[in-house]
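Take a look at the structure set out below.
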């Protein structure tokens, strides 16, 4: 799909793209992620130079490698079968300070990974007013390109969002996830869409932390249910007892909604409805259960909220890759293509003008065991009250960690603070 206001392309591998309203975010009001409004749809423009499955393959390969490692053999087998040139995916971030300098695919790399919910519910119906960035992560790849670190950013981090004329935004203070919604644009007035959401989010992080980016991707976690269905489920280690606020049953076993949310977005139990419980331990989850579990941040045993949800989403992606490899997708072409098609429809990528296959081969030496998770704020809440609004702030040590990331000294930081490494469950 061509986006002329960006001087480049932002490929969305789905058939439609939502344009949610962001009026509340633009006024500086924190986002309410459960409000609803129906966005418009806009068809993408097809490119036919390369088979569709080949483009999906490379995109999926990059995402799975940067998010969790693995899936390498499947991606290489299918990539070898692709003919012709791969369509490059690019946007123009405008502010050159946001984009990492240097020769292509050499040196240290920073890739922005954004889990989004841009309007579609489990069954496909529209249910949100704004495009939400539910999880925001940075994959940091050292110069050796044989390992990686994933750092999660609190979505409620209080930041200064720079002005963004492409969405008629004059700038202001808000939560970090508002940057994606504002950049995405307005449903009734049109807007930049996912390209704008990524651009403004990158600019906000760059302004706040000084991090420059080599690539960025969005993935709709709702779409992963299709992949899990194709795999027949996924095995995960549930690291804490979690009770669902979305799904439950009454005394007769009928489905019901177990929670209501007040004006402060605090969940309250609804009498007579018992939320579905995910007990600690190794569990086999179907598609609906996997998505439900990775969306939870309210009724959690460790009371770790968004930090727990970030951890569970990272664990889910790794579990999905393990499941694919265990079922032989590295050698079964038809099954691999089915999974590629299922997940590929949820992705959009910006590659800084580099070909997707070049990114793939740059990251090919990174296996799942080479990816380490870093806990921002050491996985602990660091709350801040801003004019009556509950938000998150970075601790002094978190600021040191991001400085080490920026200055390519993250190994030195982790040697001094090994407890900041997360556990891969």
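In the working numbering, the protein residues as written are 1178 to 1602.
Ideal placement from N, C-alpha and C gives every residue a C-beta, glycine not left out.
Going along the chain, which residues of its own chain have a beta-carbon closer than 6 Å to the beta-carbon of residue i, five neighbours each way excluded?
{"i": "residue 1382", "result": "1388"}
{"i": "residue 1350", "result": "1337"}
{"i": "residue 1311", "result": "1292 and 1294"}
{"i": "residue 1463", "result": "1410"}
{"i": "residue 1590", "result": "1578 and 1581"}
{"i": "residue 1556", "result": "1484"}
{"i": "residue 1347", "result": "1340"}
{"i": "residue 1450", "result": "1425, 1427, 1433 and 1435"}
How would you write the range of the alpha helix (DSSP H) that residue i sits in, first residue to last?
{"i": "residue 1401", "result": "1401-1408"}
{"i": "residue 1494", "result": "1482-1503"}
{"i": "residue 1528", "result": "Unbroken run through residue 1528: none, as it is neither H nor E."}
{"i": "residue 1371", "result": "1371-1386"}
{"i": "residue 1286", "result": "Element bounds for residue 1286: not the alpha helix (DSSP H) but the beta strand (DSSP E), 1286-1294."}
{"i": "residue 1577", "result": "1573-1583"}
{"i": "residue 1413", "result": "Careful: residue 1413 lies outside any alpha helix (DSSP H), inside the beta strand (DSSP E) at 1411-1415."}
{"i": "residue 1589", "result": "1587-1593"}
Kindly identify the DSSP beta-bridge partner or partners of residue i.
{"i": "residue 1352", "result": "1335"}
{"i": "residue 1325", "result": "1548"}
{"i": "residue 1397", "result": "1293"}
{"i": "residue 1536", "result": "In DSSP, residue 1536 forms no bridge with anything."}
{"i": "residue 1437", "result": "1445"}
{"i": "residue 1452", "result": "1425"}
{"i": "residue 1346", "result": "1341"}
{"i": "residue 1392", "result": "1288"}
{"i": "residue 1553", "result": "Partner(s): none; residue 1553 has no beta bridge."}
If you draw a straight line from the alpha carbon of residue i to that of residue j, how long is it in whole angstroms?
{"i": "residue 1476", "j": "residue 1286", "result": "36 Å"}
{"i": "residue 1564", "j": "residue 1437", "result": "25 Å"}
{"i": "residue 1618", "j": "residue 1434", "result": "Past the boundaries of the shown model lies residue 1618; the chain is included only from 1178 to 1602, so the question cannot be answered."}
{"i": "residue 1548", "j": "residue 1327", "result": "7 Å"}
{"i": "residue 1583", "j": "residue 1443", "result": "36 Å"}
{"i": "residue 1573", "j": "residue 1407", "result": "44 Å"}
{"i": "residue 1422", "j": "residue 1467", "result": "14 Å"}
{"i": "residue 1445", "j": "residue 1586", "result": "44 Å"}
{"i": "residue 1370", "j": "residue 1362", "result": "6 Å"}
{"i": "residue 1329", "j": "residue 1447", "result": "32 Å"}
{"i": "residue 1472", "j": "residue 1497", "result": "16 Å"}
{"i": "residue 1458", "j": "residue 1416", "result": "7 Å"}
{"i": "residue 1419", "j": "residue 1283", "result": "42 Å"}
{"i": "residue 1528", "j": "residue 1403", "result": "26 Å"}
{"i": "residue 1356", "j": "residue 1394", "result": "15 Å"}
{"i": "residue 1392", "j": "residue 1431", "result": "46 Å"}
{"i": "residue 1334", "j": "residue 1554", "result": "11 Å"}
{"i": "residue 1453", "j": "residue 1428", "result": "13 Å"}
{"i": "residue 1596", "j": "residue 1290", "result": "23 Å"}
{"i": "residue 1456", "j": "residue 1358", "result": "34 Å"}
{"i": "residue 1386", "j": "residue 1575", "result": "10 Å"}
{"i": "residue 1345", "j": "residue 1352", "result": "18 Å"}
{"i": "residue 1426", "j": "residue 1504", "result": "33 Å"}
{"i": "residue 1490", "j": "residue 1479", "result": "16 Å"}
{"i": "residue 1526", "j": "residue 1288", "result": "10 Å"}
{"i": "residue 1570", "j": "residue 1552", "result": "14 Å"}
{"i": "residue 1440", "j": "residue 1465", "result": "27 Å"}
{"i": "residue 1486", "j": "residue 1530", "result": "32 Å"}
{"i": "residue 1599", "j": "residue 1492", "result": "11 Å"}
{"i": "residue 1593", "j": "residue 1561", "result": "27 Å"}
{"i": "residue 1506", "j": "residue 1536", "result": "21 Å"}
{"i": "residue 1469", "j": "residue 1314", "result": "20 Å"}
{"i": "residue 1397", "j": "residue 1502", "result": "22 Å"}
{"i": "residue 1376", "j": "residue 1495", "result": "27 Å"}
{"i": "residue 1568", "j": "residue 1488", "result": "19 Å"}
{"i": "residue 1532", "j": "residue 1401", "result": "25 Å"}
{"i": "residue 1405", "j": "residue 1524", "result": "16 Å"}
Terminal residues of the continuous beta strand (DSSP E) containing residue i?
{"i": "residue 1469", "result": "Residue 1469 -> not in any beta strand (DSSP E); alpha helix (DSSP H) instead, spanning 1464-1472."}
{"i": "residue 1312", "result": "1309-1318"}
{"i": "residue 1563", "result": "1560-1563"}
{"i": "residue 1478", "result": "Looking at the DSSP string, residue 1478 is not in any beta strand (DSSP E), and its letter there is neither H nor E."}
{"i": "residue 1568", "result": "1566-1569"}
Between which residues of its own chain and residue i is the CB-CB distance below 7 Å, once the five residues before and five after are set aside?
{"i": "residue 1275", "result": "1379, 1380, 1383, 1389 and 1390"}
{"i": "residue 1500", "result": "1408, 1411 and 1412"}
Among the residues of its own chain, which have a CB less than 8 Å from the CB of residue i, if the five just before and after it don't count?
{"i": "residue 1539", "result": "1282, 1286 and 1322"}
{"i": "residue 1482", "result": "1474, 1475 and 1558"}
{"i": "residue 1588", "result": "1319"}
{"i": "residue 1324", "result": "1318, 1543, 1547, 1548 and 1549"}
{"i": "residue 1461", "result": "1410, 1411 and 1412"}
{"i": "residue 1354", "result": "1208, 1309, 1310, 1311, 1313, 1332 and 1333"}
Mind checking whether the beta-carbon of residue i lies closer than 7 Å to any heavy atom of the ligand ADP?
{"i": "residue 1476", "result": "Because no ligand of any kind appears in the structure shown, any question about the ligand ADP cannot be addressed here."}
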